[in-house]
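> Structure provided below as structure tokens; questions to follow.
Protein chains: 2
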Amino acid sequence: MEKLKRTHMCGELTLDDINKEVVLMGWVQKRRDLGGLVFIELRDRTGLIQIVFNEQISKEAFDKVQSVRTEYVLAVKGKVVKRSDETINLKLKTGKIEVYVETLKILSKSETPPFMVEEDNNVSEAVRLKFRYIDLRRPSMQKTFMTRYKITKLVREYLDKNGFIDIETPLLIRSTPEGARDYLVPSRVQPGKFYALPQSPQIFKQLLMLSGFDRYYQITKCLRDEDLRADRQPEFTQIDMEMSFIDVDDILSLNEKMIAKLFKEILDVDVSLPFKRMTYQEAMDRFGSDKPDMRFDMQLKDLTDIVSNCSFKVFNDAILNKGSVRAINVKGAAAIPRRQIDELIEFVKTYKAKGMVWIQVMEEGIKSPVAKFLTDEEMSLILKRMEADKGDLILMIADKNNSVVYDSLGHLRLEMGRRFNLIDKNKYEFLWVLDFPLLEYSEEEKRYVAMHHPFTSPKDEDLELLDSNPGSVRAKAYDMVINGVEIGGGSIRIHDTELQKKMFKILGFSDEAIQERFGFLVDAFKYGAPPHGGIAYGLDRLTMLMTGTENIRDVIAFPKTQNAVCLMTDAPSLVSEGQLEELHIKIEK
Amino acid sequence: MEKLKRTHMCGELTLDDINKEVVLMGWVQKRRDLGGLVFIELRDRTGLIQIVFNEQISKEAFDKVQSVRTEYVLAVKGKVVKRSDETINLKLKTGKIEVYVETLKILSKSETPPFMVEEDNNVSEAVRLKFRYIDLRRPSMQKTFMTRYKITKLVREYLDKNGFIDIETPLLIRSTPEGARDYLVPSRVQPGKFYALPQSPQIFKQLLMLSGFDRYYQITKCLRDEDLRADRQPEFTQIDMEMSFIDVDDILSLNEKMIAKLFKEILDVDVSLPFKRMTYQEAMDRFGSDKPDMRFDMQLKDLTDIVSNCSFKVFNDAILNKGSVRAINVKGAAAIPRRQIDELIEFVKTYKAKGMVWIQVMEEGIKSPVAKFLTDEEMSLILKRMEADKGDLILMIADKNNSVVYDSLGHLRLEMGRRFNLIDKNKYEFLWVLDFPLLEYSEEEKRYVAMHHPFTSPKDEDLELLDSNPGSVRAKAYDMVINGVEIGGGSIRIHDTELQKKMFKILGFSDEAIQERFGFLVDAFKYGAPPHGGIAYGLDRLTMLMTGTENIRDVIAFPKTQNAVCLMTDAPSLVSEGQLEELHIKIEK
Numbered sequence: 001m002e003k004l005k006r007t008h009m010c011g012e013l014t015l016d017d018i019n020k021e022v023v024l025m026g027w028v029q030k031r032r033d034l035g036g037l038v039f040i041e042l043r044d045r046t047g048l049i050q051i052v053f054n055e056q057i058s059k060e061a062f063d064k065v066q067s068v069r070t071e072y073v074l075a076v077k078g079k080v081v082k083r084s085d086e087t088i089n090l091k092l093k094t095g096k097i098e099v100y101v102e103t104l105k106i107l108s109k110s111e112t113p114p115f116m117v118e119e120d121n122n123v124s125e126a127v128r129l130k131f132r133y134i135d136l137r138r139p140s141m142q143k144t145f146m147t148r149y150k151i152t153k154l155v156r157e158y159l160d161k162n163g164f165i166d167i168e169t170p171l172l173i174r175s176t177p178e179g180a181r182d183y184l185v186p187s188r189v190q191p192g193k194f195y196a197l198p199q200s201p202q203i204f205k206q207l208l209m210l211s212g213f214d215r216y217y218q219i220t221k222c223l224r225d226e227d228l229r230a231d232r233q234p235e236f237t238q239i240d241m242e243m244s245f246i247d248v249d250d251i252l253s254l255n256e257k258m259i260a261k262l263f264k265e266i267l268d269v270d271v272s273l274p275f276k277r278m279t280y281q282e283a284m285d286r287f288g289s290d291k292p293d294m295r296f297d298m299q300l301k302d303l304t305d306i307v308s309n310c311s312f313k314v315f316n317d318a319i320l321n322k323g324s325v326r327a328i329n330v331k332g333a334a335a336i337p338r339r340q341i342d343e344l345i346e347f348v349k350t351y352k353a354k355g356m357v358w359i360q361v362m363e364e365g366i367k368s369p370v371a372k373f374l375t376d377e378e379m380s381l382i383l384k385r386m387e388a389d390k391g392d393l394i395l396m397i398a399d400k401n402n403s404v405v406y407d408s409l410g411h412l413r414l415e416m417g418r419r420f421n422l423i424d425k426n427k428y429e430f431l432w433v434l435d436f437p438l439l440e441y442s443e444e445e446k447r448y449v450a451m452h453h454p455f456t457s458p459k460d461e462d463l464e465l466l467d468s469n470p471g472s473v474r475a476k477a478y479d480m481v482i483n484g485v486e487i488g489g490g491s492i493r494i495h496d497t498e499l500q501k502k503m504f505k506i507l508g509f510s511d512e513a514i515q516e517r518f519g520f521l522v523d524a525f526k527y528g529a530p531p532h533g534g535i536a537y538g539l540d541r542l543t544m545l546m547t548g549t550e551n552i553r554d555v556i557a558f559p560k561t562q563n564a565v566c567l568m569t570d571a572p573s574l575v576s577e578g579q580l581e582e583l584h585i586k587i588e589k
Numbered sequence: 001m002e003k004l005k006r007t008h009m010c011g012e013l014t015l016d017d018i019n020k021e022v023v024l025m026g027w028v029q030k031r032r033d034l035g036g037l038v039f040i041e042l043r044d045r046t047g048l049i050q051i052v053f054n055e056q057i058s059k060e061a062f063d064k065v066q067s068v069r070t071e072y073v074l075a076v077k078g079k080v081v082k083r084s085d086e087t088i089n090l091k092l093k094t095g096k097i098e099v100y101v102e103t104l105k106i107l108s109k110s111e112t113p114p115f116m117v118e119e120d121n122n123v124s125e126a127v128r129l130k131f132r133y134i135d136l137r138r139p140s141m142q143k144t145f146m147t148r149y150k151i152t153k154l155v156r157e158y159l160d161k162n163g164f165i166d167i168e169t170p171l172l173i174r175s176t177p178e179g180a181r182d183y184l185v186p187s188r189v190q191p192g193k194f195y196a197l198p199q200s201p202q203i204f205k206q207l208l209m210l211s212g213f214d215r216y217y218q219i220t221k222c223l224r225d226e227d228l229r230a231d232r233q234p235e236f237t238q239i240d241m242e243m244s245f246i247d248v249d250d251i252l253s254l255n256e257k258m259i260a261k262l263f264k265e266i267l268d269v270d271v272s273l274p275f276k277r278m279t280y281q282e283a284m285d286r287f288g289s290d291k292p293d294m295r296f297d298m299q300l301k302d303l304t305d306i307v308s309n310c311s312f313k314v315f316n317d318a319i320l321n322k323g324s325v326r327a328i329n330v331k332g333a334a335a336i337p338r339r340q341i342d343e344l345i346e347f348v349k350t351y352k353a354k355g356m357v358w359i360q361v362m363e364e365g366i367k368s369p370v371a372k373f374l375t376d377e378e379m380s381l382i383l384k385r386m387e388a389d390k391g392d393l394i395l396m397i398a399d400k401n402n403s404v405v406y407d408s409l410g411h412l413r414l415e416m417g418r419r420f421n422l423i424d425k426n427k428y429e430f431l432w433v434l435d436f437p438l439l440e441y442s443e444e445e446k447r448y449v450a451m452h453h454p455f456t457s458p459k460d461e462d463l464e465l466l467d468s469n470p471g472s473v474r475a476k477a478y479d480m481v482i483n484g485v486e487i488g489g490g491s492i493r494i495h496d497t498e499l500q501k502k503m504f505k506i507l508g509f510s511d512e513a514i515q516e517r518f519g520f521l522v523d524a525f526k527y528g529a530p531p532h533g534g535i536a537y538g539l540d541r542l543t544m545l546m547t548g549t550e551n552i553r554d555v556i557a558f559p560k561t562q563n564a565v566c567l568m569t570d571a572p573s574l575v576s577e578g579q580l581e582e583l584h585i586k587i588e589k
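Quick note, the sequences are listed as chains F and E, same order. Residues 1 to 589 in the UniProt record's numbering are what the first sequence spells out, letter by letter. Residues 1 to 589 in the UniProt record's numbering are what the second sequence spells out, letter by letter.
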């Protein structure tokens, strides 16, 4: 039989190809018999085209096509013809043409697939994950992975032009139990010892700067053995970079241009540069979040000064204990039913708020459980600060712990934004959040922990606070936030051995612990370390944002479930006794 | 103090920059005091430049530089000036200029490093690996990783232009104990179960073809828990690709063009296309190897027919047992001392040859221990076939096992090529080896094993031999060989479920074993599989070849020793009891 060699892709044929002899290969999307003809929509990665089997053109092909069903893989040779006006299908990009088949070769048969290759096929995600190779045939999935690929391609081009080189760092590394839980890999050659899989290439990229590579990047897998939430996977991909001899502004400027380029070339979105910049403190004060969604307003206001002398005990307690009273104004929401207010009270409890106070600014006057505790002047100052008009709803949180106030109001703001459709899905708001605190105090561990990681540099002007008031020291750390999602984050690193040692001490490490865990790193900094810093992006999250999905499994070709299981291959699995013996380990249930 | 912002890289300044005010940053390569001046060679990734401190120009900088030592990190501002003719240093690319320093900032101090950043520093590899971040500062190391990066960059560009998209496959996969030993990762969520780290993305890339992605590539880490040889590492990097709707010639043609592009753009080597092609059988017959080094001749010749009736028992035994007698001619080596012949006899024993026969074609006549067993006619036929002239040395191997004959003569050929300097180090010889056997019989396991892997397609014309004579079936498999190194290999895959099942059965898998190990894959092929095939390159080996090193650790930024240990971070290491408990495993020494 004649050997067929593909000449065109299905979705790329146009009116310009009319009368051409073409060879196409692809999957049968659907088959239709009509008036003694067989019509098939043939699918490849570029799209669909209708191919027509007609006994008059080729009896052999016509006979052969009788057995063809959905998802068969075909090679066809035929001529491109223009469709008559009445048969034009505007739903198809190629809907003005079709191919009259002269030769048909069935490359593969298909059993009836467990579900059709269609968008909105109403199939449970578990089934789609089990038959991932079928689900990935959907045009939207193909498009997603094309977008993901384009992101990495543009990033690579951009970083190359800016002098970065891609250097691979190891997967089998030393376990340093600080941060999330490591995945461990038992060593066969060194009984009882383990490698860890990297949570990030952090240490190695810093060592590459010490090695003089000047500008490094890598798009690489990182792994964390954590309990998974909806937007987490055990393995995820970072766009990771590090540069020497630079400061914060150099990194922000280089990176915002990169992201603007991605949005322009992939989504045709014009991004105005520079991005907005905001300190961590400002972000918390105005939006109750270090990753504010700037697509809508509804900012937090501090009412502490106004209510500091009122007779409402909850407010008083919060304020006396160094806490605060803050609020948002949900415009036009005054008429909210009591049932919904109760829901919101439950909602804020998730964020540890003990309660929520509301003020309904009704046509007929103020309605609020705290009205009786406030003087007219206090109430009127509140309304003024909240810029409240008739019809507005003010939601207030008081707590002695400011982070509870921020967190619950920040989430309440987002919730109200969603409920009242205040978020324009077609809008992108880009933001740098700067000057994160260097340390946070962990009540659990009764010590300071690094907010970013222990290699983050304090701001020069806060250096002297390291001893007197470590909690107030700000870091040279920055996050890139798009539409309320933290897309990337990084910092300028410490490049001074003494400062690094001091940092480890503040984090509560003994000299021995420093030597044991980070000895090689502390040593490395002794031999000429350049000032350096970097940033890492979550490629999965960035792809989610750019493809408009909220399911991380949609942007990973072969993802795992929330139990870290691959439903397709059934991994993890039992292994043989022999394998375990070689690794000198035993299962202990 | 004035904030300095780098304006130029050290190695990139030229005569065109004379009189420019520049800011440079880098490491102190060396410092020299002469005539009241201080000269420093400053180093960054691009190279070295001499900077000069003169009290007349800046007393402050001059005073400050007194404390500066090797490997200090400096920022300097100064003016580029032309060196006087007598001070030109032709060893430096920037040797015609120098920079008169006006401002000096010491960015980092350095203790005396454990070794100097110099080529040929005579430091043991163990020390260099421990202080890898210093060793990587050597210009040759910087160049190696630049070359490695250029390879990946050019590959990505080329594959992109040819319609390939980069799709990531998982690191945590299911263990399928066929092939090399898996690295295992205990699951915390599923007690007693394990993930494996991938030995290759083979199964996933095939599933991507079934998913309709058409052309996939990935530059990705693969891991094998094997005892390491000099050219192996526990983790290595593959350039991996797969394409649909193609046959062998499409893949060879696309790939040889890619490799030619790499050699042209990186080494300025013109590669003539197409590459030479040779079947596996021809490669074995002519070079005794499936990866022949074609940079020199010295081909194997089959002498079986000539000596089949001679009176030498060793030859007779080999031939009667379906073996053969083959030889190489080492031109001009007849005068080799007996001691060296004895060495060669020991050498071939490594490859299981029981002995070696030699014929010295001396000025004064033939000298050979087997001369007495051969008639004059036989000897003259041998000399004729071997194209032997006076002064030549013929080395013969006989064995009942042909693979021993090939293997020992093939290695002997390489050894003689090295000893007699027949290999031109500046020459590159490119070759495709085709038509590998599909199966090899494993005496150990008493069954056929896949020579490539179980998904490799047999050649169409050999399909009927699968039942009658599986050992003789040739595969649609190919290796790319450069200078005797297997740089890449691949195959057209089986895309027919029934054939795949048959293949598993020939490999001795029971129905249950097939279902248990490869069930999801066999299922996947039921729903419309396109014909497809691919290839994978060892990036480490390719980089070694292109940078001219024979040490794989030279092309990996943070490599492991032959005990799979990282000497810098001391991985693998002990982990805490708590970590093991969470993973439900126990160490059993």
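Positions of the beta carbon are idealized from the N, C-alpha and C atoms, including for glycine.
Helix, strand or coil: how does DSSP classify G417(E) here?
The count along the second sequence starts at 1 and reaches residue 417(E) at position 417. In the structure shown, G417(E) sits in a helix (DSSP, three-state: H, G or I).
> Name the residues in the region 209-226 of chain F whose C-beta lies less than 8 Å from a C-beta of chain E; which are they?
Against chain E - using a Cβ distance shorter than 8 Å - the residues of the region 209-226 of chain F are L210, S211, G212, F213, D214, K221, L223, D225.
> What residues from the region 492-505 of chain F come within 8 Å of chain E, judged by C-beta to C-beta, listed N to C?
If the cut-off is 8 Å between Cβ atoms, the region 492-505 of chain F has H495, D496 near chain E.
> Would you identify the three-state DSSP class for N402(F), choosing helix, strand or coil?
One-based indexing of the first sequence puts residue 402(F) at position 402. In the structure shown, N402(F) sits in a helix (DSSP, three-state: H, G or I).
> Mind checking whether E242(E) and L154(E) have CB atoms under 8 Å apart?
Against the second sequence, residue 242(E) aligns to sequence position 242. Against the second sequence, residue 154(E) aligns to sequence position 154. Cβ atoms of E242(E) and L154(E): not closer than 8 Å.
> Below 8 Å on C-beta distance, what does T237(F) contact in chain E?
Translated into the one-based positions of the first sequence, residue 237(F) becomes position 237. Going along chain E in sequence order, the residues near T237(F) (Cβ under 8 Å) are E168.
> Can V433(E) be considered in contact with the ligand FMN, in the sense that its beta carbon sits closer than 7 Å to one or more heavy atoms?
Ligands in the displayed structure: none, and consequently the ligand FMN is not present.
> Going by C-alpha distance, which of I18(F), F131(F), S84(F), V73(F) is nearest F520(E)?
Within the second sequence, numbered from 1, the residue matching residue 520(E) stands at position 520. When each option's Cα is compared against that of F520(E), the closest is F131(F).
> Short of 7 Å in beta carbon distance, which residues of its chain neighbour I535(F), apart from the five on each side in sequence? Order them along the chain.
For the purposes of this step, residue 535(F) is identified with residue 535 of the first sequence, where counting begins at 1. So the qualifying residues of the chain are M241, I251, N255, G488, G489, G490.
> Counting beta carbon pairs with one atom in the region 18-31 of chain E and one in the region 80-88 of chain E, are three or more of them shorter than 8 Å?
Yes, since at least three Cβ pairs between the region 80-88 of chain E and the region 18-31 of chain E fall closer than 8 Å, the two stretches touch.
> Rounded to a whole number of angstroms, what is the C-alpha to C-alpha distance between M356(E) and T220(F)?
Within the second sequence, numbered from 1, the residue matching residue 356(E) stands at position 356. Within the first sequence, numbered from 1, the residue matching residue 220(F) stands at position 220. When rounded, the distance between both Cα atoms is 52 Å.
> Please compile the residues from chain F whose C-beta is within a distance smaller than 8 Å of the C-beta of N563(E).
Position 563 of the second sequence holds residue 563(E). V189, Q190, listed in chain order.
> Quick check on the burial criterion: 16 or more other C-beta atoms within 10 angstroms. Buried or exposed for D135(F)?
Stepping through the first sequence from its first residue, residue 135(F) is reached at position 135. Classification for D135(F): buried.
> Tell me which residues of the region 505-539 of chain F have at least one Cβ-Cβ distance to chain E shorter than 7 Å, keeping chain order.
Result list: F520, A524, K526, Y527, G528, A529, P530, P531.
> From this set, Y280(F), K459(F), G578(F), L129(F), which residue's C-alpha is nearest W432(F)'s C-alpha?
For the purposes of this step, residue 432(F) is taken as residue 432 along the first sequence, with counting starting at 1. With distances taken between Cα atoms, W432(F) lies closest to Y280(F).
> Nearest to K30(F) by alpha carbon, out of I51(F), V22(F), T14(F), L13(F)?
By 1-based counting over the first sequence, the position of residue 30(F) is 30. Considering only alpha carbons, the answer is I51(F).
> Please name the residue in V123(F), A333(F), M209(F) whose C-alpha comes closest to that of Q142(E).
Numbered from its first residue, the second sequence carries residue 142(E) at position 142. The shortest Cα separation from Q142(E) among V123(F), A333(F), M209(F) belongs to M209(F).
> So H584(F) contacts chain E; which residues on that side make the cut at Cβ distance below 7 Å?
Position 584 of the first sequence, counted from the first residue, corresponds to residue 584(F). Near H584(F) (Cβ distances below 7 Å), the residues of chain E are I587, E588, K589.
> At the 8 Å Cβ level, is F194(E) part of the contact set with chain F, yes or no?
Along the second sequence, one-based indexing puts residue 194(E) at 194. Yes - at least one Cβ of chain F is within 8 Å of the one on F194(E).
> Give every residue of the same chain whose Cβ lies closer than 6 Å to the Cβ of F312(F), excluding the five residues on either side of it in the sequence, and list them in chain order.
Residue 312(F) sits at position 312 when you count from the first residue of the first sequence. Only V370, F373 meet the Cβ criterion.
> Please list the terminal residues of the continuous beta strand (DSSP E) segment that includes R128(E).
Counting from one through the second sequence, the residue named residue 128(E) turns up at place 128. Looking at the DSSP string, R128(E) is not in any beta strand (DSSP E); the run it does join, the alpha helix (DSSP H), is 125-130.
> Looking at S324(E) and T304(E), is the spacing between their C-beta atoms short of 8 Å?
Taking the first residue of the second sequence as 1, we reach residue 304(E) at position 304. Taking the first residue of the second sequence as 1, we reach residue 324(E) at position 324. Against a cut-off of 8 Å, the Cβ pair of S324(E) and T304(E) comes out as a contact.
> Name the DSSP beta bridge partners of Y195(F), please?
In the first sequence, residue 195(F) corresponds to position 195, counting from 1. V185(F).
> Along the chain, where does the beta strand (DSSP E) containing residue 612(E) start, and where does it finish?
Here chain E comprises residues numbered 1 to 589, so residue 612(E) is not present and cannot be evaluated.
> Report the residue ranges of all alpha helix (DSSP H) runs contained in full by the region 402-476 of chain E; include only those spanning at least 4 residues, in chain order.
The qualifying runs are 402-419, 465-468.
> Is there at least one Cβ from chain F nearer than 8 Å to W27(E)'s Cβ?
To locate residue 27(E), count along the second sequence from 1; it is residue 27. It does; some Cβ of chain F falls within 8 Å.
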